[in-house]
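Participant: Handing you this structure, nothing more for now.
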Amino acid sequence: MYLGHRVPEWRQTRPGSGSTLQERASYSPRVGKGGKGAPKTAAEAQSRGVALSLHAPAVRKDTTSFRTLGSRVTIKNCWATSSGAGIHILKGGFDSNDTEMLFEHCRSGSKGGAIFAEDTILRQRGGVMTFRYSKAVWGGSIYVRRLIQEKGTMNFLNSTSRKNGGAISTAKGVHQEGGLLSFEHCESQKLGGAIMVSPQAREESIRSRGVIRCADTYALMGGCLATIGRGVVALDTFELNHSASQVLGNLAYVRGAFSANAVHIADESVRIDAAIVGLNTSNVSFLNCSKTPSCHLRAVILALGPAVCSPGSGIGAKLAGGEEFRGCFRCEDGKAQLKEALNPRCQTCPYEADKCEPNLMQLEPGVMAKSDNFTRVLHCPNAKACPGGSAPLSDALPMCAEGHDGDGCANCSTGFGRSDSSVLVCVKCAAGWKAEGLQLVYFVLSDVLLLAVATSSVLGASATSQDSSVLLNQLMSFATVAQTVLSAISQTAAYNQLSSRLKLWLEVSGVVSAIAQGESSWSMSRECLLVSLGLPKTLWHAHLVSALLQGVLLALLICLQGFWFAFVVWTNCFAPSIAASFGRYLVGYRLEPESIGGKMHWPFLPPVDNSYEFVFGMLVLCLVATTGGWWMAANSKLSPDPDYVVFLVRNYKPAYRNWETERLMRKMLLRLVAAALPIAYSPALQMWCVCLILSASLLSYSIQRPYRLELFNQVETLLLCVALVLAFSASAVLANEKHWGSSRNTQVLVLLSMSVLATVTTVTLSALVARRLYKERIRKFFTDADDS
1 MYLGHRVPEW RQTRPGSGST LQERASYSPR VGKGGKGAPK TAAEAQSRGV ALSLHAPAVR
61 KDTTSFRTLG SRVTIKNCWA TSSGAGIHIL KGGFDSNDTE MLFEHCRSGS KGGAIFAEDT
121 ILRQRGGVMT FRYSKAVWGG SIYVRRLIQE KGTMNFLNST SRKNGGAIST AKGVHQEGGL
181 LSFEHCESQK LGGAIMVSPQ AREESIRSRG VIRCADTYAL MGGCLATIGR GVVALDTFEL
241 NHSASQVLGN LAYVRGAFSA NAVHIADESV RIDAAIVGLN TSNVSFLNCS KTPSCHLRAV
301 ILALGPAVCS PGSGIGAKLA GGEEFRGCFR CEDGKAQLKE ALNPRCQTCP YEADKCEPNL
361 MQLEPGVMAK SDNFTRVLHC PNAKACPGGS APLSDALPMC AEGHDGDGCA NCSTGFGRSD
421 SSVLVCVKCA AGWKAEGLQL VYFVLSDVLL LAVATSSVLG ASATSQDSSV LLNQLMSFAT
481 VAQTVLSAIS QTAAYNQLSS RLKLWLEVSG VVSAIAQGES SWSMSRECLL VSLGLPKTLW
541 HAHLVSALLQ GVLLALLICL QGFWFAFVVW TNCFAPSIAA SFGRYLVGYR LEPESIGGKM
601 HWPFLPPVDN SYEFVFGMLV LCLVATTGGW WMAANSKLSP DPDYVVFLVR NYKPAYRNWE
661 TERLMRKMLL RLVAAALPIA YSPALQMWCV CLILSASLLS YSIQRPYRLE LFNQVETLLL
721 CVALVLAFSA SAVLANEKHW GSSRNTQVLV LLSMSVLATV TTVTLSALVA RRLYKERIRK
781 FFTDADDS
């Protein structure tokens, strides 16, 4: 179709009626005589533009234009062997005012697949212009002298060119006062995947106060836009996604000065380089690379404002070939940057990192770090609480094991409480009122039954010779060591590798030893009990609850048997646990080495003034009061000797009547060491102290032989030897665990042997105590019957 002098104009005749090119394109005026270049035949008109061809005579070139106002123009399936398959304008103007225009499947053999206006300004004032599946040699959709967009939207989809300008090719540049230029899946085999500006634009190649958006655009140079003249490129907002080039300028290739208020790169694919290249000068006020692995500016003279970098890249600057490179660069080997941030820098991964990638760091077990400061590595007091997490945090590789949180994973999270055996271990609290009730019953009965058995062994001690009291004391002393050792081995890697059945066996062994010494096992937590009672979950409150129950039992026993009787029996049962309670307050640890300024942390001290001095003073008072009280009780001047005096002295030789104090001190010191030096934090130091205490006791018993009955000396010596074997075995397991030649089977064998030895010894001795108690009660019954 060919149109000449008359000005074709489409207006919306009434609101909502609209008008389309198909409806109005039948008008074809004559061409003036002076119309140079006018098509002579229908074939020539077709080659100029299938849908619409305009030609103005040379004498009136400014009077012919193409204008639309409030219309709808649709041109589909058009083609031309020359230029402008949709609209062909040689001279004049092209104005689109609040018009909805659609060009689809338009192809030309030369310039402008949809629109050709080589000497014309294409101006858009509002509306939407959409170009789909356009193709040409130059300017896949549009080939114009200058493009001016005052407002509105231009969308280009799947527009391609065999040479320059995948969507737009312009000689005098692009001027955008507002609106949006959007390019998607546009491609050029040479320059400018979306926009190409020729060298004729000497002052301004592209000036934009709107938004230019490129997605999945490609060219040999300048994946989104390319200007090869010296004209300035000044942009407001430049948005790019998956733009690429084969040679230079993955996103843009600019020879003149380049400036932009904001460049946003939303590219989630991995590229080695994503560069905006300006061979002259470049100035970007804000660069957003939060969605791309790396991006940078390149220019002879370069100024860059703040830049937001994605994880894995950091702000940087380089100089090469007389050009500056600034922006977000991929972190080098051994460095990482783990968060989206403004002007971040890549930081060297810490020595404790097992894996160091630009956007990921995984630590070795036993340490943790925070994502906001991953170079500061914190050593966990309980190594098992830190499985070797990753930063950024992930559910698959958490910094802290389940139930642990905080610095060094030393705190317990919701639903977990500190183990009664170690303040550095968090155990899961019982769920449901039934489980909580059973736990409460266990805590109460463990103290009540222990006190009842101890009271029974002391009552009537003056009337009959009771071997059960000696055996009971020996049992409690051995159980203290067994519980300490079993707690130690449960912290080893070999324990974690055991099957569920073997772990259950070890836990049962721990429970048996705990009951024998009147203390809850490793898997129990009084803090969980506090939660079920609606009390604060703190070590201080757990101690107060335990002290309250034990105080009630003491008061009850005083009312029934008198002060000194109650004091001896009560301290025999609970003095070790009291020492352990104060020892837990004294647990301190460092999260960083002392050589780099790591400070000691004392997080468990009670909320009182001068708490450290207070706890230490109370501990000394407890030791002095207990041993002093037993000394006074053993040397009582009452006649005849009360039951508690007989209980303390009857089994020893006269020269060793105060020897029972040694056993009490041994139990208290062992429990104090186990509590104040957790096996999770100080395994070697704890085992050294345990072996030292046991060796001193074994040496003293071997030399002094304080018992009247040699059998008791032999039993005590045998139990101390077994306890030392357990302690040495635990030390061997802990030491062997760090050695490269460690064997899992050997470790498991030692663990099971220790468990069997501790359990068999505890159960056997418990059976002997029960048997002796039964015989003594039967003997007492018949003795009382004979007396009556």
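Residues in the sequence shown are numbered from 1 upward in steps of one, following full-length UniProt numbering. Even for Gly, the Cβ is constructed at its ideal location relative to N, Cα and C.
Check residue 362 in the structure and name its three-state DSSP category.
Facilitator: The sequence position of residue 362 within the sequence shown is 362, counting from 1. In the structure shown, residue 362 sits in a strand (DSSP, three-state: E or B).
Participant: Can you round the beta-carbon distance between residue 75 and residue 103 to whole angstroms, since I take them to be within the 8 Å contact cut?
Facilitator: Here residue 75 corresponds to residue number 75 of the sequence shown, with the count starting at 1. Here residue 103 corresponds to residue number 103 of the sequence shown, with the count starting at 1. Right, their Cβ atoms sit about 5 Å apart.
Participant: From which residue to which residue does the alpha helix (DSSP H) around residue 184 run?
Facilitator: In the sequence shown, the residue the question calls residue 184 occupies position 184. That residue, residue 184, is in no alpha helix (DSSP H); its beta strand (DSSP E) goes 180-184.
Participant: Taking the beta strand (DSSP E) that residue 149 falls in, what are its first and last residues?
Facilitator: Counted from its first residue, the sequence shown places residue 149 at position 149. Element bounds for residue 149: 142-157.
Participant: Taking 8 Å as the threshold, find out whether the segment 168-186 comes into contact with the segment 131-150 through three or more Cβ pairs.
Facilitator: With a cut-off of 8 Å, the segment 131-150 and the segment 168-186 count as touching, because enough Cβ pairs lie within range.
Participant: Could you name the residues that DSSP lists as bridge partners for residue 73?
Facilitator: On the sequence shown, residue 73 is found 73 positions in, with the first residue counted as 1. Paired residue(s): 101.
Participant: Confirm, please, whether the CB-CB distance from residue 537 to residue 417 is below 9 Å.
Facilitator: Within the sequence shown, numbered from 1, the residue matching residue 417 stands at position 417. Within the sequence shown, numbered from 1, the residue matching residue 537 stands at position 537. Taking 9 Å as the Cβ cut-off, residue 417 and residue 537 qualify as a contacting pair.
Participant: In angstroms with no decimal places, state the Cα-to-Cα distance between residue 329 and residue 208.
Facilitator: By one-based count along the sequence shown, residue 329 stands at place 329. By one-based count along the sequence shown, residue 208 stands at place 208. Approximately 27 Å, taken between the alpha carbons.
Participant: Can you name the start and end residues of the alpha helix (DSSP H) that residue 561 belongs to?
Facilitator: Here the question's residue 561 lines up with position 561 in the sequence shown. For residue 561, the enclosing alpha helix (DSSP H) starts and ends at 539-561.
Participant: Hey, residue 400 and residue 368 are a contact pair by Cβ (cut 8 Å); roughly how many whole angstroms apart?
Facilitator: Taking the sequence shown and counting its residues from 1, the one referred to as residue 400 is at position 400. Taking the sequence shown and counting its residues from 1, the one referred to as residue 368 is at position 368. Confirmed, Cβ separation roughly 6 Å.
Participant: For residue 410, which residues of its own chain have a beta-carbon under 6 Å away from its beta-carbon, when the five flanking residues on both sides are left out?
Facilitator: On the sequence shown, residue 410 is found 410 positions in, with the first residue counted as 1. Hits under 6 Å: 381.
Participant: Beta-carbon within less than 8 Å of residue 379's beta-carbon, same chain only, minus the 5 sequence neighbours each way: which residues are those?
Facilitator: Counting from one through the sequence shown, the residue named residue 379 turns up at place 379. 366, 367, 408, 590, 591, 592 and 593, listed in sequence order.
Participant: Report all residues from its chain with a CB closer than 8 Å to the CB of residue 439; omit the five preceding and five following residues, and keep chain order.
Facilitator: Translated into the one-based positions of the sequence shown, residue 439 becomes position 439. Correct list, in chain order: 430, 524, 528, 529 and 532.
Participant: DSSP three-state label for residue 283, please.
Facilitator: Position 283 of the sequence shown, counted from the start, is the residue given in the question as residue 283. Strand, per DSSP.
Participant: Any contact of the segment 116-127 with the segment 78-89, i.e. 3+ C-beta pairs under 8 Å?
Facilitator: yes
Participant: Considering only residues of the same chain and omitting the five flanking positions on each side of residue 164, which have a CB-CB separation below 7 Å?
Facilitator: In the sequence shown, the residue the question calls residue 164 occupies position 164. So the list reads 138, 188, 190, 191, 192 and 196, once near-sequence residues are dropped.
Participant: Could you tell me whether the segment 554-571 touches the segment 596-607, using the rule of 3 or more Cβ pairs below 8 Å?
Facilitator: no
Participant: Taking residue 65 and residue 93 to be in contact with their CB atoms under 8 Å, please state how far apart those CB atoms are, rounded to whole angstroms.
Facilitator: The residue you call residue 65 lines up with position 65 of the sequence shown. The residue you call residue 93 lines up with position 93 of the sequence shown. Their Cβ separation, rounded to whole angstroms, is 4 Å, which keeps residue 65 and residue 93 in contact under 8 Å.
Participant: My parser needs the beta strand (DSSP E) runs of 3 or more residues fully inside the segment 322-359; what are they?
Facilitator: 323-330 and 353-357
Participant: Suppose the cutoff is 6 Å on Cβ atoms and the five residues either side in sequence are ignored; what does the same chain contact list for residue 705 look like?
Facilitator: What you label residue 705 is simply residue 705 of the sequence shown in a count that begins at 1. Once the five neighbours on either side are set aside, the close Cβ partners of residue 705 are 713.
Participant: Closer than 8 Å is the cut-off here; do at least three beta carbon pairs connect the segment 549-556 with the segment 442-453?
Facilitator: The segment 549-556 is in contact with the segment 442-453.
Participant: Tell me whether residue 774 is buried or exposed, calling it buried when 16 or more other Cβ atoms sit within 10 Å of its Cβ.
Facilitator: By 1-based counting over the sequence shown, the position of residue 774 is 774. Per the 10 Å Cβ criterion, exposed.
Participant: Can you give me the start and stop residues for the alpha helix (DSSP H) that residue 674 sits inside?
Facilitator: Residue 674 sits at position 674 when you count from the first residue of the sequence shown. 660-676 is the extent of the alpha helix (DSSP H) around residue 674.
Participant: Is residue 132 helix, strand or coil by DSSP?
Facilitator: Position 132 of the sequence shown, counting from 1, holds the residue named residue 132. The answer is strand: DSSP assigns residue 132 an E or B state.
Participant: Residue range of the beta strand (DSSP E) that residue 679 falls in?
Facilitator: Numbered from its first residue, the sequence shown carries residue 679 at position 679. Run containing residue 679: none; DSSP gives neither H nor E here.
Participant: Measure how close the beta-carbons of residue 422 and residue 487 come, nearest whole angstrom, since I'm counting them as under 8 Å.
Facilitator: The sequence position of residue 422 within the sequence shown is 422, counting from 1. The sequence position of residue 487 within the sequence shown is 487, counting from 1. Yes, they are in contact, since the Cβ atoms of residue 422 and residue 487 sit about 7 Å apart, within 8 Å.
Participant: Based on the DSSP output, what are the partners of residue 314 in its beta bridges?
Facilitator: Residue mapping note: residue 314 aligns to position 314 of the sequence shown, counting from 1. Partner(s): 329.
Participant: In angstroms, rounded to a whole number, what distance separates the CA positions of residue 95 and residue 129?
Facilitator: Within the sequence shown, numbered from 1, the residue matching residue 95 stands at position 95. Within the sequence shown, numbered from 1, the residue matching residue 129 stands at position 129. When rounded, the distance between both Cα atoms is 12 Å.
Participant: Tell me which residues share the same chain as residue 344 and place their Cβ nearer than 6 Å to its Cβ, disregarding the 5 neighbours each side in the sequence.
Facilitator: The count along the sequence shown starts at 1 and reaches residue 344 at position 344. In the same chain as residue 344, and ignoring 5 residues on each side of it, the C-beta atoms closer than 6 Å to its own belong to 309, 314 and 337, in chain order.
Participant: To which residues does DSSP link residue 652 through a beta bridge?
Facilitator: Looking up residue 652 in the sequence shown gives position 652. Partner(s): 707.
Participant: Less than 9 Å between the C-beta atoms of residue 251 and residue 259, yes or no?
Facilitator: Counted from its first residue, the sequence shown places residue 251 at position 251. Counted from its first residue, the sequence shown places residue 259 at position 259. Cβ atoms of residue 251 and residue 259: not closer than 9 Å.
Participant: DSSP state of residue 437, grouped into three classes?
Facilitator: Here residue 437 is taken as the residue at index 437 of the sequence shown, counted from 1. Helix, per DSSP.
Participant: So, helix, strand or coil for residue 120, using DSSP?
Facilitator: Along the sequence shown, one-based indexing puts residue 120 at 120. Here residue 120 sits in strand by DSSP.
Participant: State yes or no: is the C-beta of residue 612 nearer than 8 Å to some heavy atom of the ligand FMN?
Facilitator: No copy of the ligand FMN occurs in the structure displayed, which carries no ligand at all.
Participant: Are the beta-carbon atoms of residue 720 and residue 701 separated by less than 9 Å?
Facilitator: Stepping through the sequence shown from its first residue, residue 720 is reached at position 720. Stepping through the sequence shown from its first residue, residue 701 is reached at position 701. In this structure, residue 720 lies near residue 701, with their beta-carbon atoms less than 9 Å apart.
Participant: What do you get for residue 288, buried or exposed, if any count of 16 or more other CB atoms within 10 angstroms of its CB means buried?
Facilitator: Residue numbering aside, residue 288 sits at position 288 when the sequence shown is read from its first letter. The residue in question, residue 288, is buried, as its Cβ has 16 or more Cβ neighbours within 10 Å.
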